[in-house]
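Comments concern the structure below.
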Amino acid sequence: MYTIYAVAFICLIVLVVATKRISERTTKGHFRYIPLASLLFGGIIFLVLAIGKGGATGIQYGVLSIIYLTATFGVYLYIAIRKDTTLF
């Protein structure tokens, strides 16, 4: 049970680190959104699991969903700011 939480947090950290590297190295805007799409997909999966499981496990999945969706918002802001500053 706790293995999925460990994998979720490792994926979260890897996607956030990958965002910085992808944003710095690519000149094509569409490739910058790959980690963002992965984070959003993960947040939606954990939200669906939270609704389906219910109880204490559902709350844990809900917390993971909130973490992923908050990270999605932060990554989106980072990409938007990074994209704007590279234009000048």
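Residues 28 to 115 in our numbering are what the sequence shown lists, from first letter to last. Using N, Cα and C, we set each Cβ at its ideal position, and we do this for glycine too. Keep in mind the model is a prediction, meaning the values are calculated, not measured.
Got a sec? Which residues, its chain only, sit under 7 Å from residue i by beta carbon, not counting five neighbours each side?
i, result
"residue 84", "none"
"residue 62", "42, 45, 46, 49 and 102"
"residue 81", "none"
Around the C-beta of residue i, are 16 or more other C-beta atoms found within 10 angstroms, so that it is buried, or is it exposed?
i, result
"residue 88", "buried"
"residue 68", "exposed"
"residue 91", "buried"
"residue 97", "exposed"
"residue 95", "buried"
Once the 5 residues before and after residue i are set aside, which same chain residues still bring their CB inside 8 Å of it?
i, result
"residue 78", "85"
Can you tell which of the options has the C-alpha that lies nearest to the C-alpha of residue i?
i, options, result
"residue 108", "75, 51, 76 and 94", "51"
"residue 65", "53, 76 and 35", "35"
"residue 71", "40, 104, 31 and 93", "93"
Take residue i and list the residues in its own chain whose beta-carbon comes closer than 6 Å to its own, dropping the five residues that flank it on each side.
i, result
"residue 115", "Residue confidence is low: residue 115 scores 43 on pLDDT, short of 50, so the model does not pin down where it sits. No coordinate-derived value is stated."
- request: Would you list, in sequence order, the uninterrupted alpha helix (DSSP H) runs of no fewer than 4 residues that lie entirely inside the stretch 40 to 98?
  value: Restricting attention to alpha helix (DSSP H) runs no shorter than 4 residues, the stretch 40 to 98 encloses them at 61 to 80, ordered along the chain.
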